[in-house]
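To keep things clear, I will list the structure first and then write my remarks on it.
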Amino acid sequence: MYLRPIHPRDLDLLFTWLNDPEAIAPQDHFEFESFREMEGALREAETDDSSLAPRLLVVRRAGNRPIGVVGFFRSNRALETFDVWYVIAVRQERGKGYGSEAVSLLVDYLFAHRPVERVGATSDVENPSSYRTLERLGFRKEGVLKRALFHHGTWHDVAVYGITREEWFQPSPSRDPVPARS
Ligand SMILES: CC(C)(COP(=O)(O)OP(=O)(O)OC[C@H]1O[C@@H](n2cnc3c(N)ncnc32)[C@H](O)[C@@H]1OP(=O)(O)O)[C@@H](O)C(=O)NCCC(=O)NCCS
């Protein structure tokens, strides 16, 4: 698979995914009330590093078929670090290694194009597919934010993960190469 920018022709699919509770994480809520609002958010994201908007599509080389979407954002205005988020929206394509590969490419991209020494991510402690993706790539658990996320009628704890530039570029048997299992 590969990551590529979002084109105007992808917007219908993206809007469908972002409004489909089956396609995104159970705790995610993208607050796009209309197609137009989503378009505006994508446009603003081009000049706003803190935007949570989707940034790149995850595309399977076979048929050049989009299967997911990833984002990155400057998570704290006082700090020089970016967080990543990731979704394999086509459910049949989950559990085949594409999520790990997508995050791996995204971290490569950020370390190549942003002058940061750390990339981070957060994961609901009850979302193993998310935190296992991070752990498999060598992210370290840095702590837990207690009761930081509200969804499904209750408060959830959120784990904070991070990896430094130095750690990322060390050889790692669990990461290199990330196998796609289909
Ligand atoms: C999180 C997500 C992107 C992972 O992508 P994926 O392609 O399914 O994951 P991979 O096949 O690369 O597997 C990564 C790790 O997660 C584990 N995993 C995958 N699905 C799992 C599941 N349902 N339950 C437990 N572990 C799971 C894999 O076993 C693997 O860990 P391992 O190397 O220790 O075996 C995908 O499951 C998804 O889109 N989920 C919904 C959205 C979401 O939760 N996003 C994260 C919040 S930003």
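When we follow my numbering, the leftmost residue of the sequence shown carries the number 15, and every step to the right adds one.
A virtual CB, placed ideally from N, CA and C, is assigned to each residue, including glycine.
Contact fails between the stretch 155–162 and the stretch 49–59, because fewer than three Cβ pairs, one in each stretch, are under 8 Å apart. If you ignore the 5 residues before and after T136, its C-beta comes within less than 6 Å of the C-beta of V172 and V174, all in its own chain and listed in chain order.
Taking the Cβ of W99 as the reference point, at least one heavy atom of ligand 1 falls within a distance shorter than 6 Å.
Boundaries of the alpha helix (DSSP H) harbouring L25: L25 to L32, taken from the DSSP string. With 16 or more neighbouring CB atoms inside 10 Å of its own CB, E115 falls in the buried class.
DSSP places L56 within a helical segment (H, G or I) once states are collapsed to three. Checking the DSSP bridge columns, you'll see A135 partnered with Y175. W31 and R88 have their C-alpha atoms roughly 23 Å apart.
Taking L27 as reference, the option from A162, V104, R189 and L17 with the minimal CA-CA separation is V104. Nearest in C-alpha terms to R18, of all of N33, L120 and A59, is L120.
With respect to the 7 Å criterion, L66 and V84 are not classified as neighbours on the basis of their beta carbons. Under the DSSP assignment, V130 falls outside any alpha helix (DSSP H); it carries neither an H nor an E label. Out of I38, N33, R23 and E181, the CA that lies nearest to the CA of R108 is found in I38. As for any alpha helix (DSSP H) of minimum length 4 sitting wholly inside the stretch 45–126, the runs are 49–59, ordered along the chain. Within the DSSP bridge table, the entry for W169 names F164 as partners.
Here DSSP, grouped into helix, strand and coil, assigns E180 to helix.
Look at E149 here: in three-state DSSP terms it is helix.
For P19, the enclosing beta strand (DSSP E) has its first and last residue at Y16 to P19. The C-beta separation of T178 from E131 comes to about 6 Å, placing the pair in contact by the 8 Å criterion.
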